[in-house]
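Student: Sequence lines, in order, name chains U and V. Those letters in the first sequence? Residues 0 to 202, per numbering that gives the first Met the number 0, in order. Those letters in the second sequence? Residues 0 to 60, per numbering that gives the first Met the number 0, in order. The beta carbon of each residue, even a glycine, is placed where N, CA and C say it ideally should be. Can you read through this structure? Questions will come right after.
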Amino acid sequence: MRHRKRGRKLGRNPAHRKAMLRNMANSLFLHGRIVTTVAKAKELRPFAERLITLARRGTVHARRLVIARLGKQPIPPDHPDHGRYRNIVHKLFAEIAPRYIDRPGGYTRIIKIAKRRLGDAGELAMIALVEESIAESRERNANRRGRRRAAEAEAEVEAPEPQGEQTEEGAETAAVQAESREKPAATESPSEAAEEGEKEKKG
Amino acid sequence: MAVPKRRTSRSKQGKRRSHLRMTPPNVDFCRRCSRPVPSHRACPHCGYYGDRKVLPVEEKE
Ligand SMILES: [Zn+2]
Chain U
0 MRHRKRGRKL GRNPAHRKAM LRNMANSLFL HGRIVTTVAK AKELRPFAER LITLARRGTV
60 HARRLVIARL GKQPIPPDHP DHGRYRNIVH KLFAEIAPRY IDRPGGYTRI IKIAKRRLGD
120 AGELAMIALV EESIAESRER NANRRGRRRA AEAEAEVEAP EPQGEQTEEG AETAAVQAES
180 REKPAATESP SEAAEEGEKE KKG
Chain V
0 MAVPKRRTSR SKQGKRRSHL RMTPPNVDFC RRCSRPVPSH RACPHCGYYG DRKVLPVEEK
60 E
């Protein structure tokens, strides 16, 4: 049984797996984003993020731990960072880690992509270093709910439609409040309006 | 060795297969370009996932 056994084997023996993770992490730090299978991306994430967390410390000890896991991969001559950094570990400590000083983990993002892999039609994903600042991320998360509602309300105001209730409901927290006030007042109960709003979302 | 006593009747065979079916792929429509996109995937047409966030692929109008 594989109960509570963590991690994927990815069809490789331990040495092969380790080498592949090292390769992928180096590529990720070099290019900022890579496309692999979903399973590999999910395995790479904790590996790469732990390295970034180490690099944030910036100590000699941390650097040696990272080198032990990554090696000192040179930056290829055709890469824009060639000459700017001595190797990928240097880039990680000098450029990547400082960006994430205030971010409590979650330095990478995995986005599934529609294209399938050639041959076995494996599911592909892009794993990328997060580019926005922690402040931007927090603002986005805070606005998420409100913004979605605002967008819906706006769309409904623009579309010529007899039911003003949905607008009323969606606009409660939104900026278009004034516009919806001009429409006839809601006669249905708020719960009914909410249900209709849900349907609208799914459709 | 255990061996079937009777050939499977067409009726039995049909009943067994009544639960076999294909499921249609889950398709959403891109919030940005409204073209069909498999759900939980970045849009292959415009490179967006949700309201923002660009994929390397960016389209020309
Ligand atoms: Zn799109």
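#1: Please classify R40 of chain V as buried or exposed, where buried requires at least 16 neighbouring CB atoms within 10 angstroms.
#2: Name, going along the chain, the residues of the region 34 to 51 of chain V whose beta-carbon falls closer than 7 Å to a beta-carbon of chain U.
#3: Going by the beta-carbon positions, is the gap between F92 of chain U and R139 of chain U smaller than 8 Å?
#4: Roughly how many whole angstroms lie between the Cα atoms of R49 of chain U and A1 of chain V?
#5: Would you say the beta carbon of Y47 of chain V is closer than 7 Å to some non-hydrogen atom of ligand 1?
#6: Whose Cβ in chain V lies nearer than 8 Å to the Cβ of I112 of chain U?
#7: Could you tell me which whole beta strand (DSSP E) segments of length 3 or greater appear in the region 19 to 59 of chain U?
#8: Just mark L128 of chain U as buried or exposed, buried being the case when its beta carbon has 16 or more other beta carbons within 10 Å.
#9: Between the region 25 to 35 of chain U and the region 69 to 79 of chain U, are three or more C-beta pairs nearer than 8 Å?
#10: Closer than 8 Å by C-beta to L9 of chain U: which residues in its own chain qualify, once you throw out the five before and the five after it? Chain order, please.
#11: Does DSSP classify N1 of chain U as helix, strand or coil?
#12: Quick one: what's got a C-beta closer than 8 Å to Y84 of chain U's C-beta in the same chain, skipping five residues either side?
#13: Which residues in the same chain as K4 of chain V place their Cβ atom closer than 7 Å to its Cβ, once the five residues preceding and following it in sequence are excluded?
#14: Can you have a look at I100 of chain U and say buried or exposed, based on whether 16 or more other CB atoms are within 10 angstroms of its CB?
#15: Do you know how far the Cα of T107 of chain U is from the Cα of K14 of chain V?
#16: Taking a contact to mean a Cβ-Cβ separation below 8 Å, would you say I51 of chain U touches A124 of chain U in this structure?
Tutor: On the basis of the supplied data:
#1: Stepping through the second sequence from its first residue, residue 40 of chain V is reached at position 41. Looking at its Cβ environment, which holds 16 or more other Cβ atoms inside 10 Å, R40 of chain V is buried.
#2: Of all residues in the region 34 to 51 of chain V, only V36, P37, H39, R40, A41, P43 and Y48 come within less than 7 Å of chain U when Cβ atoms are compared, listed by chain position.
#3: Reading the first sequence from its first residue, position 93 is the one you call residue 92 of chain U. Reading the first sequence from its first residue, position 140 is the one you call residue 139 of chain U. Taking 8 Å as the Cβ cut-off, F92 of chain U and R139 of chain U do not qualify as a contacting pair.
#4: Counting from 1 along the first sequence, the entry for residue 49 of chain U is found at position 50. Counting from 1 along the second sequence, the entry for residue 1 of chain V is found at position 2. About 56 Å.
#5: Here residue 47 of chain V refers to the residue found at position 48 when the second sequence is read from its first residue. For Y47 of chain V, the shortest separation between its Cβ and any heavy atom of ligand 1 lies below 7 Å.
#6: Reading the first sequence from its first residue, position 113 is the one you call residue 112 of chain U. Those are R40, A41, P43 and L54, listed as they occur along chain V.
#7: Fully enclosed beta strand (DSSP E) runs of 3 or longer: 32 to 36.
#8: For the purposes of this step, residue 128 of chain U is taken as residue 129 along the first sequence, with counting starting at 1. Of the other Cβ atoms in all chains shown, 16 or more fall within 10 Å of the Cβ of L128 of chain U; this residue is therefore buried.
#9: With the cut-off at 8 Å, the region 25 to 35 of chain U and the region 69 to 79 of chain U touch.
#10: The residue labelled residue 9 of chain U in the question sits at position 10 within the first sequence. The beta carbon of L9 of chain U sits closer than 8 Å to the beta carbons of R16, M19, A38, K39 and E42 from its chain, once the five residues preceding and following it are set aside; these are given in chain order.
#11: Numbered from 1 along the first sequence, position 2 holds the residue referred to as residue 1 of chain U. Correcting the residue identity first, residue 1 of chain U is Arg in this sequence and not Asn. Three-state result, R1 of chain U: coil.
#12: Along the first sequence, one-based indexing puts residue 84 of chain U at 85. The residues are I74, K90, A93 and E94.
#13: Counted from its first residue, the second sequence places residue 4 of chain V at position 5. The beta carbon of K4 of chain V is closer than 7 Å to none in its chain, skipping five residues each way along the sequence.
#14: Taking the first sequence and counting its residues from 1, the one referred to as residue 100 of chain U is at position 101. When all chains shown are included, I100 of chain U counts as exposed.
#15: Within the second sequence, residue 14 of chain V is the residue found at index 15, counting from 1. Within the first sequence, residue 107 of chain U is the residue found at index 108, counting from 1. Each residue's Cα considered, the two are about 49 Å apart.
#16: In the first sequence, the residue the question calls residue 51 of chain U occupies position 52. In the first sequence, the residue the question calls residue 124 of chain U occupies position 125. No, the pair does not count as a contact, with Cβ atoms beyond the cut-off.
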